[in-house]
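Let me begin by presenting the structure, written as structure tokens, before commenting on it.
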Amino acid sequence: MTSVNICGVELKNPVIAASGTFGFGGEFSDYFDVSRLGGISSKGLTLAPKQGNDGVRMHEVRSGMMNSVGLQNPGVEAFIKDELPQMEKMNTAVIANLGGSTIEDYVRAAVMLDKSSIDILELNISCPNVKEGGMAFGIKSCVAYEIVGEVRKATSKPLMVKLSPNAEDICDMAINCCKAGADAISLVNTFKGIAIDIKSRKPVFENISAGVSGPAIKPMALRMVYEVCGCVDVPVVGMGGISTYEDAIEFIMAGSHAIQVGTANFIKPDICVDIIEGIEAFMAREGIKSLEEIRGIIK
Amino acid sequence: MTSVNICGVELKNPVIAASGTFGFGGEFSDYFDVSRLGGISSKGLTLAPKQGNDGVRMHEVRSGMMNSVGLQNPGVEAFIKDELPQMEKMNTAVIANLGGSTIEDYVRAAVMLDKSSIDILELNISCPNVKEGGMAFGIKSCVAYEIVGEVRKATSKPLMVKLSPNAEDICDMAINCCKAGADAISLVNTFKGIAIDIKSRKPVFENISAGVSGPAIKPMALRMVYEVCGCVDVPVVGMGGISTYEDAIEFIMAGSHAIQVGTANFIKPDICVDIIEGIEAFMAREGIKSLEEIRGIIK
Amino acid sequence: MKSKYVEAAVYKNEQISDCVFRLSVKGSFDVKPGQFFMLRAWGQEPLLSRPISVHDVDDEKITFLYHVVGRGTQIFSKLREGDDISLLGPLGNGFELDMLKGKVALVGGGIGVAPLNYLYKKLSMNEGVEVSFHAGYRSQPFGLECIQGSCSLLNIATEDACVGEKGYIIDYFEPKLYDIVVCCGPEIMMSKLIKKCEAAGVPILVSMEKKMACGIGACLVCTCKTKDGNKRSCADGPVFLGSELILND
Amino acid sequence: MKSKYVEAAVYKNEQISDCVFRLSVKGSFDVKPGQFFMLRAWGQEPLLSRPISVHDVDDEKITFLYHVVGRGTQIFSKLREGDDISLLGPLGNGFELDMLKGKVALVGGGIGVAPLNYLYKKLSMNEGVEVSFHAGYRSQPFGLECIQGSCSLLNIATEDACVGEKGYIIDYFEPKLYDIVVCCGPEIMMSKLIKKCEAAGVPILVSMEKKMACGIGACLVCTCKTKDGNKRSCADGPVFLGSELILND
Ligand SMILES: Cc1cc2nc3c(=O)[nH]c(=O)nc-3n(C[C@H](O)[C@H](O)[C@H](O)COP(=O)(O)OP(=O)(O)OC[C@H]3O[C@@H](n4cnc5c(N)ncnc54)[C@H](O)[C@@H]3O)c2cc1C
Ligand SMILES: Cc1cc2nc3c(=O)[nH]c(=O)nc-3n(C[C@H](O)[C@H](O)[C@H](O)COP(=O)(O)OP(=O)(O)OC[C@H]3O[C@@H](n4cnc5c(N)ncnc54)[C@H](O)[C@@H]3O)c2cc1C
Ligand SMILES: Cc1cc2nc3c(=O)[nH]c(=O)nc-3n(C[C@H](O)[C@H](O)[C@H](O)COP(=O)(O)O)c2cc1C
Ligand SMILES: Cc1cc2nc3c(=O)[nH]c(=O)nc-3n(C[C@H](O)[C@H](O)[C@H](O)COP(=O)(O)O)c2cc1C
Ligand code: FES
Ligand code: FES
């Protein structure tokens, strides 16, 4: 049985498509039956529509990529009206990923999503690609505590808080988010990195820094997931560089209830299916009946 | 002119072989003329000889490797007696990399090195592979401040402090090290990561975590070097995933005075020569007379 | 014309000019001119697949023309008959053939001629269309096999004057003589030609090349600024009306 | 016998058994049996080169026998004549031929026979040495071309009994009959045989396979615990006296 329960929501399997890499699911339905997924986390939403960042938005690096999309999205209202109805029909858990730059915006957006049919609210306090304050939330535990507390009051949806690997102290951050009312923790978002175009002698990105994702970050992401699993009691959804079923099992053995697959979706559109089938085959081979048997087993 | 001056020591070029990846230089002299290098940073030394860690010491990851050598070394005394005489003859700057787990040990070792012929003392406050306290020095700025201050009193050698990318706040860390008397800053050491053997259901490493190095860490390392260059006035020696001359130029454009090459030495023993020649050819092509012209140019 | 992810085998891969190769892949594909595929002929590294336009299609194979510029195209250049390659596509909007009537000018710069070849082939089968071809190169021309001898008007310019006029093709190109212009080439060339066409009041279609990750419209890294907001060049493009685009400079 | 980093070309690469390949590389190499090379037949990924023992050497080429187990060996398996490959070596201490006198038993497990082939070849040219060969496999034997027909005593055991005795070769092996034993195989096999030889008072040499990064003694990731402290298996080994080693279990 690959099914898992994340703060009261039953996922048919632990594989969730990560925010920002899977749109609202529609683009991928041409390539595979997206109902195979445990869940889909939407493109990061903000209260108002956003055009995102100017300039180059993507740069490939060794075993990874850097992005500076900057939360381009239609806004929560348009999401609820235009995208959510389709997502509902996909027969998989719908996770709304919410970003922002002020507490007020987060709260107002959360209130709107609270009334919608989403299954889980994933609070992104960690987007490195938004200039105005977005990052600070994800770095200092005390700031995170405040924002999670306010959003908690605004919604009765299961609240999953997504942490940044750039946090000063990832465990302290996770503990504070839980104290403030998080029902689950997901991590990691992208690592802050930079790239320089040596021909033009300028940073590749207008914002100078951008977010690094993909296989390159896996060892660090796995370490953070392991540490967070050791210090909070809520379910943890691990991610960062997962591209094979072996990677997924590593995150589960480190203590994750579920995992998210981001950048790897760009390698092969149905890679999540390969990962799901790989997990099933591994469980069969090793005689594992439920993922609980191996969850956090390395502790 | 590729020559650079790091706290009073003239390097013929900015390419230094990084600690722990180049032994004491002897192994590589079979493959190329090591006097081509700007400098060599010795294997990490400790006051007493150390056998290092048990169990698996290396695990390969995507575009990188993890190591858990644990500062195996002959001790400072044997270094001065058996290794330094050879290193002196290599006609390149000799940097002694010093690790440890107590302030007393650091200070006693520094006193011994002070009397030796080394050119620069590189204080490694950041080795993630030593259990007893080694890591804490590299994480909290206040702890680092104390240790750097004590070592500063113990030596009149140029003092370069090597930072960990796992520091809570890399800029605050660098500033504190400078306040405590560092003449230069080098960064980054390895990133803390973990790996799990899903067959045995155990961490690959006995210490659970190990240090990640190689091209995978470059975007993050470059970001940290850029940030540190923006907040301290002393020379900065950048490293982390450098394997081509283009990488080296990126670190210089981010503000590094010199750079170190670690893991890449394992790809091709004379890769440092390729990097030096690549820098020279780039300078010729672009009409750059001195590296000062491009150092920190992206700011 | 549904897009798919398929694993296929190389039919042929040959060098046709300095750094330019022609790669054919076995299989039957239904493609619109101007569409592209995300190609991958490696396991793990580089991480992302590479977007390459369709140069030609017949019953048994699909052909790409590519310039070797970096890690991915270098790997393509080493492919041999029978080697594995995966294709995701066809992707993108492609050229709307219905818009291309009357006197149509195809203007290509360097490797930009790649998609125009297949467009030319399709257009020349249509009634009431008179196609001319204008191609600019740094040096030796390439990718014109189908066009040479068949196209009633073929203009070539090369920067080193080794063939045709000396200099940039767009300096020898007069938009006023055409009903519609199609351009594919370096961004700087396309933006200059857009201005020239605007001044002449002639509509122009261009194919934008942005760095891509997913290729299918999900990740939003490939956006172009348009008067109608940001558009994804992989899914809403790569073909845009010159008049829609907001180009920098 | 100075170690070098060289770029060479593949002479031949052929599959000789399930997952086992034989690769020859052009060039003239001066190698001691038991030494190895760090091989690399790719650009960036995987990051590290792969240590492979020398299986045979002649005037025009060097030959390796390898088991396809992961990313690197998979790439090796696709090499074709003329492809580029780089070699760093010869590395390691190799077997001290002077120590191998009288009745010498070579015991190989699976791909562990790879280096023993070249050792056999060298030993059989020496006076006063009587070599026997003992090889264990999971199933079909491989890598015995030189030995079969030439070696006066060849014992084979296979786990599935498809050839020779059924089970593990060391269970059919009696150290007392020999002056010295040489073993190369899985770590568990070598540690069992070391115990057996110790009990019989017969010296044994083993070749240790640790994960390696530099291969030349600089990085200290490949250490073996010995009674004399940690030793680097790439530079101080890979050949160790069984009596030196401290093995876990
Ligand atoms: C829709 C579309 C169609 C294309 N059609 C063709 C074609 O038919 N033939 C052809 O030769 N090329 C085509 N390109 C460009 C081609 O995708 C790039 O040249 C290729 O991805 C470079 O890969 P690389 O690994 O060899 O180089 P890299 O090592 O990735 O980069 C080398 C250089 O190419 C640039 N580059 C990288 N990716 C892209 C990209 N996606 N678009 C533009 N420049 C890029 C880099 O900035 C760098 O300067 C097309 C691009 C797009 C977006
Ligand atoms: C001195 C020495 C000589 C060797 N000689 C031979 C030989 O002649 N023929 C041969 O087939 N193999 C030999 N090996 C083993 C060979 O190096 C590994 O099988 C190879 O590196 C695996 O690479 P990969 O990328 O295919 O597998 P990976 O994807 O790296 O790993 C696959 C599996 O192999 C194991 N492995 C990885 N590296 C090593 C290593 N260095 N040593 C042992 N196990 C490893 C991993 O733990 C994993 O289980 C030798 C190893 C050493 C140290
Ligand atoms: C192009 C792109 C866009 C992303 N956008 C978002 C976003 O809007 N919100 C968010 O929480 N995470 C976003 N992420 C981060 C991913 O969800 C994920 O946390 C990160 O990429 C690490 O996982 P991976 O290595 O599997 O990609 C984005 C990542 C990428 C590559
Ligand atoms: C095998 C190995 C051993 C290392 N040992 C030391 C050490 O003793 N002292 C130290 O300061 N850094 C040590 N390092 C870290 C490197 O000097 C360097 O900071 C790090 O690897 C990042 O650079 P790279 O990506 O170029 O390897 C070691 C790295 C490796 C790979
Ligand atoms: S490449 Fe992902 S949206 Fe265009
Ligand atoms: S592999 Fe580096 S010391 Fe042996």
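Protein chains in written order, with the working numbering: chain A, 4 to 302; chain B, 4 to 302; chain C, 167 to 415; chain D, 167 to 415. By construction, the Cβ of each residue, glycine as well, lies at the ideal position given by its N, Cα and C atoms.
Inter-residue Cα distance where the pair is residue 187 of chain B and residue 165 of chain B: Here the question's residue 187 of chain B lines up with position 184 in the second sequence. Here the question's residue 165 of chain B lines up with position 162 in the second sequence. If you take the alpha carbons of residue 187 of chain B and residue 165 of chain B, they lie about 9 Å apart.
Beta carbon proximity, residue 60 of chain A to chain C, threshold 8 Å: Along the first sequence, one-based indexing puts residue 60 of chain A at 57. Chain C, which has a Cβ nearer than 8 Å to the Cβ of residue 60 of chain A, makes this yes.
Cβ pair residue 169 of chain A, residue 142 of chain A closer than 8 Å: Indexing the first sequence from 1 puts residue 169 of chain A at position 166. Indexing the first sequence from 1 puts residue 142 of chain A at position 139. Their beta carbons are under 8 Å apart, which means residue 169 of chain A touches residue 142 of chain A by this criterion.
As assigned by DSSP and simplified to three states, the class of residue 116 of chain B: Translated into the one-based positions of the second sequence, residue 116 of chain B becomes position 113. Correct three-state label for residue 116 of chain B: helix.
Neighbour flag for residue 206 of chain B against chain D, beta carbons, 8 Å: To locate residue 206 of chain B, count along the second sequence from 1; it is residue 203. Chain D, which has no Cβ nearer than 8 Å to the Cβ of residue 206 of chain B, makes this no.
Short CB-CB distance (under 8 Å) between residue 306 of chain C and chain D: Here residue 306 of chain C is taken as the residue at index 140 of the third sequence, counted from 1. No, its Cβ sits nowhere closer than 8 Å to a Cβ of chain D.
Reference residue 201 of chain C; option with closest CA among C:208, C:400, C:407, C:365: For the purposes of this step, residue 201 of chain C is taken as the residue at position 35 of the third sequence. It is C:400.
Those runs of the beta strand (DSSP E) which lie wholly inside the segment 12 to 57 of chain B and span at least 3 residues: 12 to 14, 18 to 20, 42 to 44
Proximal residues to residue 260 of chain C (C-beta, below 8 Å), its chain only, five neighbours per side dropped: For the purposes of this step, residue 260 of chain C is identified with residue 94 of the third sequence, where counting begins at 1. 197, 198, 199, 200, 201, 405.
Whole runs of the beta strand (DSSP E) within the segment 226 to 272 of chain A, excluding any shorter than 3 residues: 239 to 242, 261 to 264
Residue-chain proximity (residue 44 of chain B, chain A), Cβ-Cβ < 8 Å: In the second sequence, counting from the first residue as 1, residue 44 of chain B sits at position 41. Not an interface residue.
Proximal residues of chain C, C-beta to C-beta of residue 364 of chain D below 7 Å: As a first step, residue 364 of chain D must be located in the fourth sequence, where it is residue number 198. Under the 7 Å cutoff, chain C gives no residues; its nearest Cβ is about 44 Å from residue 364 of chain D.
Assigned exposure category for residue 218 of chain D - 16 Cβ within 10 Å defines buried: One-based indexing of the fourth sequence puts residue 218 of chain D at position 52. Buried: at least 16 other Cβ atoms inside 10 Å.
C-alpha distance - residue 190 of chain A paired with residue 122 of chain A, whole-angstrom precision: Numbered from its first residue, the first sequence carries residue 190 of chain A at position 187. Numbered from its first residue, the first sequence carries residue 122 of chain A at position 119. Each residue's alpha carbon lies about 18 Å from the other.
Straight-line gap, residue 160 of chain B to residue 411 of chain D (C-alpha atoms, nearest Å): As a position in the second sequence, residue 160 of chain B is number 157, starting the count at 1. As a position in the fourth sequence, residue 411 of chain D is number 245, starting the count at 1. About 41 Å.
N-terminal and C-terminal residue of the alpha helix (DSSP H) that residue 360 of chain D is part of: Indexing the fourth sequence from 1 puts residue 360 of chain D at position 194. Unbroken alpha helix (DSSP H) run through residue 360 of chain D: 353 to 366.
Contact set, ligand 7 heavy atom to C-beta under 7 Å: The model on display carries ligand 1, ligand 2, ligand 3, ligand 4, ligand 5 and ligand 6 but not ligand 7.
Residue span of the alpha helix (DSSP H) that contains residue 338 of chain D, given as start and end: Locating residue 338 of chain D in the fourth sequence gives position 172, where the first residue counts as 1. Careful: residue 338 of chain D lies outside any alpha helix (DSSP H) and carries neither H nor E.
Which listed residue (B:222, B:208, B:246) has its alpha carbon closest to that of residue 197 of chain A: Start at 1 with the first residue of the first sequence, and residue 197 of chain A comes out as number 194. Nearest C-alpha to residue 197 of chain A: B:222.
heavy atom of ligand 2 below 7 Å from residue 277 of chain D C-beta: Reading the fourth sequence from its first residue, position 111 is the one you call residue 277 of chain D. It does: the Cβ of residue 277 of chain D is within 7 Å (strictly closer) of some heavy atom of ligand 2.
Complete runs of the alpha helix (DSSP H) confined to the segment 195 to 256 of chain D [at least 4 residues]: 237 to 243
Supposed close pair residue 386 of chain D, residue 55 of chain B - CB separation, criterion 8 Å: The count along the fourth sequence starts at 1 and reaches residue 386 of chain D at position 220. The count along the second sequence starts at 1 and reaches residue 55 of chain B at position 52. About 7 Å separates the two Cβ atoms, so the contact holds.
Within 8 Å, strictly: CB atoms of residue 215 of chain A and residue 64 of chain A: Your numbering for residue 215 of chain A matches position 212 in the first sequence. Your numbering for residue 64 of chain A matches position 61 in the first sequence. Contact flag set, yes.
Same chain, Cβ closer than 6 Å to residue 345 of chain C, five either side skipped, listed in chain order: Counting from 1 along the third sequence, the entry for residue 345 of chain C is found at position 179. The answer, listed in chain order, is 268, 269.
Cβ neighbour criterion (16 or more within 10 Å) applied to residue 402 of chain D: For this step, residue 402 of chain D is matched to residue 236 along the fourth sequence. By the 10 Å Cβ count, residue 402 of chain D comes out buried.
Reduced DSSP category for residue 182 of chain B - H, G, I as helix; E, B as strand; rest coil: One-based indexing of the second sequence puts residue 182 of chain B at position 179. Looking at residue 182 of chain B - three-state DSSP - the assignment turns out to be helix.
Selection from D:208, D:383, D:281, D:271 that minimises the alpha carbon distance to residue 298 of chain D: Along the fourth sequence, read from residue 1 onward, the residue named residue 298 of chain D stands at position 132. Among D:208, D:383, D:281, D:271, the Cα nearest to that of residue 298 of chain D belongs to D:271.
Chain-ordered chain A contacts of residue 229 of chain B [CB-CB under 7 Å]: For the purposes of this step, residue 229 of chain B is taken as the residue at position 226 of the second sequence. 197, listed in chain order.
Residue ranges of each alpha helix (DSSP H) within the segment 71 to 97 of chain B, 4 or longer: 87 to 91
Beta-carbon spacing of residue 158 of chain B, residue 116 of chain B below 8 Å: By 1-based counting over the second sequence, the position of residue 158 of chain B is 155. By 1-based counting over the second sequence, the position of residue 116 of chain B is 113. It is a contact, given that the beta carbons lie within the stated cut-off.
Beta carbon proximity, residue 180 of chain D to chain C, threshold 8 Å: Within the fourth sequence, the letter at position 14 stands for residue 180 of chain D. No, residue 180 of chain D does not count as interfacial toward chain C.
Cβ neighbours of residue 362 of chain C in the same chain (closer than 8 Å, five flanking residues each side left out): Residue numbering aside, residue 362 of chain C sits at position 196 when the third sequence is read from its first letter. The answer, listed in chain order, is 336, 339, 341.
Test: residue 299 of chain B CB closer than 8 Å to a CB of chain D: Along the second sequence, read from residue 1 onward, the residue named residue 299 of chain B stands at position 296. No, residue 299 of chain B lies away from the interface with chain D (no Cβ there is under 8 Å from its Cβ).
Minimum Cβ-Cβ distance from residue 173 of chain D to chain C less than 8 Å: Here residue 173 of chain D is taken as the residue at index 7 of the fourth sequence, counted from 1. No - not a single Cβ of chain C is within 8 Å of the one on residue 173 of chain D.
Near ligand 1: residue 143 of chain A beta-carbon under 7 Å from a heavy atom: Residue 143 of chain A sits at position 140 when you count from the first residue of the first sequence. No, the beta carbon of residue 143 of chain A sits no closer than 7 Å to any heavy atom of ligand 1.
As assigned by DSSP and simplified to three states, the class of residue 194 of chain B: As a working note, residue 194 of chain B is residue 191 in the second sequence. Of the three classes helix, strand and coil, the one that applies to residue 194 of chain B here is strand, per DSSP.
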